[in-house]
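Residue numbers (this note's numbering): 185 to 344.
Think of the CB as a built atom: it goes at the ideal place given N, C-alpha and C, for glycine as much as any other residue.
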Amino acid sequence: MQNSLLWVVIVVVILVGGFLLWQSMTPAPSTTPTPTPTPTTLTPTPTPTPGAGTGAPMIAAVAYNAEDGFYPAEVTVKRGGTVSWTNTGSSDMWIASGPHPAHTGYSGTALAQHCPDASGTALDQCSNGGTFTFKFDKVGTWPYHNHSASTKFGKVIVVE
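Pasting the structure below:
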């Protein structure tokens with residue numbers, strides 16, 4: 185009987201010691217109240233016009249090939265800036281202002297104005313490796329296309 189009582193005391197001491205050890209390792213619950221988040225009002229930030237201010241370049245370059253079309257398809261320049269198109273493909277590139285086939289979207293670019301004898305092109309025609317550069321003096325959005333492949337379009341945005 186004495187032996188059993190000894191085992192009961194040992195088990196109780198181990199359980200109480202384990203409980204106390206466990207309590208000392210468990211962090212006490214915080215008595216500091218959790219702050220309630222303050223609702224905030226989000227004010228929309230205006231989206232800047234592409235190229236607005238001083239960020240627009242004076243020169244932009246566009247590559248063209250028949251498979252991919254114009255890259256980049258949209259460029260932004262400051263008024264008075266130039267855009268250069270380079271034909272990197274194997275077929276002809278004929279840069280023409282919109283709309284097709286009149287090419288009158290940007291005044292001064294129609295075929296009759298550039299080539300009164302109708303032997304030339306609306307803006308320029310370039311074979312592989314050729315480059316055409318045009319100066320944009322008017323603010324606005326100016327679509328263009330390859331007249332030789334009129335499903336290939338691009339856009340020049342001219343800002344102040």
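Exposure of residue i, with buried meaning 16 or more beta-carbon neighbours within 10 Å
i	result
residue 208	exposed
residue 281	buried
residue 198	exposed
residue 325	exposed
residue 322	exposed
residue 196	exposed
residue 277	buried
Contacts around residue i, its chain only, beta-carbon distance under 6 Å, and the 5 residues preceding and following it disregarded
i	result
residue 338	254, 257 and 328
residue 275	250
residue 312	271 and 274
residue 314	271
Beta strand (DSSP E) segment containing residue i, residue limits
i	result
residue 275	Segment: none, residue 275 is in no beta strand (DSSP E) and carries neither H nor E.
Residue range of the unbroken alpha helix (DSSP H) whose run includes residue i
i	result
residue 261	Not the alpha helix (DSSP H): residue 261 falls in the beta strand (DSSP E), residues 258–262.
residue 187	186–209
Sequence-distant residues of its chain with Cβ nearer than 7 Å to residue i (five each side left out)
i	result
residue 289	281, 282, 283, 326 and 327
Cutoff 8 Å; reference residue i; Cβ partners in own chain excluding five residues on either side
i	result
residue 242	261, 262, 264, 265 and 266
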